[in-house]
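Just so we're aligned, residue 53 is where the sequence shown starts under our numbering, counting upward by one. By construction, the Cβ of each residue, glycine as well, lies at the ideal position given by its N, Cα and C atoms. A quick note: this is a predicted structure, and the numbers were derived from the prediction, not measured.
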Amino acid sequence: MHSVWRLASRPDVAVDVASAGLACCSLEVEAAGQRGLLVASETVPHAATVTVLVVAGTVTTALEPALVRLFDEHAQRGPVIIVSFGACATSGGPYWDAPTVRPGIEVLFPGQDIASYVPGCPPRPEALVVELERLVDSRIPA
Numbered sequence: 053m054h055s056v057w058r059l060a061s062r063p064d065v066a067v068d069v070a071s072a073g074l075a076c077c078s079l080e081v082e083a084a085g086q087r088g089l090l091v092a093s094e095t096v097p098h099a100a101t102v103t104v105l106v107v108a109g110t111v112t113t114a115l116e117p118a119l120v121r122l123f124d125e126h127a128q129r130g131p132v133i134i135v136s137f138g139a140c141a142t143s144g145g146p147y148w149d150a151p152t153v154r155p156g157i158e159v160l161f162p163g164q165d166i167a168s169y170v171p172g173c174p175p176r177p178e179a180l181v182v183e184l185e186r187l188v189d190s191r192i193p194a
């Protein structure tokens, strides 16, 4: 359900991508890796790094507990920046009226700031990386 990447420009920052299966947005994250903008990482970040939790794809009621658990695991280690990537994570996308689709990730993380909503269906890989770099640079020094 999730993979850990590092920004090629900031290898000290873990980007934990939580995706709902093979949704279009998940494929765009993979494309960022294929283009060398993100580097796959098997390691879990240590407490000194910031984790960016990117939720990409359709979030269903069945996936909700796993996403909340993933956030909680990372929050125990240190700061977590939450990013909603694409229309499905932001508003349910074309499936917004399905009874099992959550209408955006903010309902999963009450009291948490969603740092960014990257628009698109799907957004381009470059849009994700530009936004991740902007968020990281605004929150932690290079």
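Taking the DSSP output, what are the residues bridged to residue i?
i	result
Arg62	Leu59
Leu122	Its beta-bridge partners do not exist; DSSP assigns none.
Phe137	Ala108, Val170
Val67	Trp57, Val104
Ala84	DSSP, once it has assigned bridges, lists no residue as partnering Ala84.
Take residue i and list the residues in its own chain whose beta-carbon comes closer than 7 Å to its own, dropping the five residues that flank it on each side.
i	result
Val132	Thr103, Leu105, Phe123, His126
Pro155	Ser143, Gly144, Trp148
Would you tell me roughly how many angstroms separate the C-alpha atoms of residue i and residue j, rounded to the nearest one?
i	j	result
Glu116	Gly144	13 Å
Ser190	Glu183	11 Å
Val170	Gln86	20 Å
Leu90	Pro151	34 Å
Arg62	Ser93	13 Å
Thr142	Ser136	6 Å
Glu185	Glu158	22 Å
Asp64	Arg58	7 Å
Pro179	Gly88	At residue 179 the sequence reads Ala, which differs from the Pro that was named. Those two C-alpha atoms are separated by around 14 Å.
Glu181	Ala60	For clarity, residue 181 is Val in the given sequence; the question names Glu instead. If you take the alpha carbons of Val181 and Ala60, they lie about 9 Å apart.
Taking residue i as the reference, which of the options has the closest Cα?
i	options	result
Gly163	Pro146, Ile134, Pro155	Ile134
Tyr147	Ile166, Thr110, Ile157, Cys76	Thr110
What residues in its chain sit with their C-beta under 6 Å from that of residue i, if we drop five residues either side in the sequence?
i	result
Ala83	Pro177
Pro174	Cys76, Cys77, Glu80, Gly138
Ile166	Ile134, Ser136, Glu158
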